[in-house]
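Shown next, in structure tokens, is the structure this report addresses.
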Amino acid sequence: MTTKVLAIDDSRTIRNLLRVSLEGAGFEFHSACDGQEGVEVFPDVDPDVVITDINMPKMDGFGVIDTLRSGPNRTTVPILVLTTESSDQLKARARQAGATGWIVKPFDDASLVSVLKRLTGHMG
1 MTTKVLAIDD SRTIRNLLRV SLEGAGFEFH SACDGQEGVE VFPDVDPDVV ITDINMPKMD
61 GFGVIDTLRS GPNRTTVPIL VLTTESSDQL KARARQAGAT GWIVKPFDDA SLVSVLKRLT
121 GHMG
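Using UniProt numbering, you'd call the opening residue of the sequence shown number 1 and step up by one each time.
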């Protein structure tokens, strides 16, 4: 079974970098360009892990985490925050909202892949 990743980020560059990195590592990659779209496509994609930015139009990353953790499609899948922000305050807020982990951009491909493999049990 292929591990499915849903990446939510308003930066096309970041989405493309993630696609190349994750497809190269054997993941099935899906993306959304803002939080609202991410929450909307979540049930169709049915991902094994979600990667979300914090600062996005329409719905930010905290909104995404809140909605996925407590909304109609409530889920326990791991949610990784991928952002340029690194403040402890924001990390704590993300954890309280239900985020599983935090990765600061620019990300290192190998580290990201190894975190995703650990979170999802992906051995591909």
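Note that beta-carbon positions come from the ideal geometry of N, C-alpha and C, so glycine has one too.
So, residue i versus residue j, is the Cβ gap smaller than 8 Å?
{"i": "Leu82", "j": "Asp9", "result": "yes"}
{"i": "residue 146", "j": "Thr52", "result": "Look at the range of the chain in this structure, 1 to 124, and you will see that residue 146 is not part of it."}
Determine the closest residue to residue i out of the options, with distance taken between C-alpha atoms.
{"i": "Glu85", "options": "Phe107, Asn73, His30", "result": "Phe107"}
{"i": "residue 127", "options": "Lys58, Ser114, Gly71, Pro57", "result": "Since the first residue of the chain shown is 1 and the last is 124, residue 127 is not available in this structure."}
{"i": "Asp60", "options": "Gly71, Gln36, Arg69, Ala32", "result": "Gln36"}
{"i": "Arg116", "options": "Thr13, Ala32, Val50, Gly38", "result": "A quick correction: the sequence has Leu, not Arg, at residue 116. Closest by alpha carbon: Val50."}
Starting from the C-beta of residue i, find all residues in its chain whose C-beta is less than 6 Å away, skip the five residues before and the five after it, and write them out in chain order.
{"i": "Phe27", "result": "Thr3, Val5"}
{"i": "Leu68", "result": "Thr75"}
{"i": "Arg19", "result": "Phe29"}
{"i": "Met56", "result": "Asp10, Asp34, Gly35"}
At a threshold of 7 Å, does residue i count as lining the ligand ATP (C-beta to nearest heavy atom)?
{"i": "Pro43", "result": "Of the ligands one can find in the structure shown there are none, so the ligand ATP has no counterpart to examine."}
Mapping DSSP to helix, strand and coil, what is residue i?
{"i": "Thr2", "result": "coil"}
Can you name, in chain order, every residue of its own chain whose Cβ lies under 7 Å from the Cβ of residue i, other than the five neighbours on each side?
{"i": "Asn73", "result": "Phe42, Pro43"}
{"i": "Thr100", "result": "Pro78, Ile79, Leu80, Leu119"}
{"i": "Pro47", "result": "Lys4, Val5, Leu6, His30, Val77"}
{"i": "Leu112", "result": "Ser21, Ile103"}
Near residue i, which residues of its chain fall below 8 Å by C-beta distance, leaving aside the five closest residues on each side in sequence?
{"i": "Asp66", "result": "Ala97, Gly98"}
Enumerated in chain order, which unbroken segments of the beta strand (DSSP E) with a length of 3 residues or greater are wholly contained in the UniProt domain "Response regulatory" (4–120)? 4–8, 28–32, 49–52, 79–83, 101–104, all fully within the UniProt domain "Response regulatory" (4–120).
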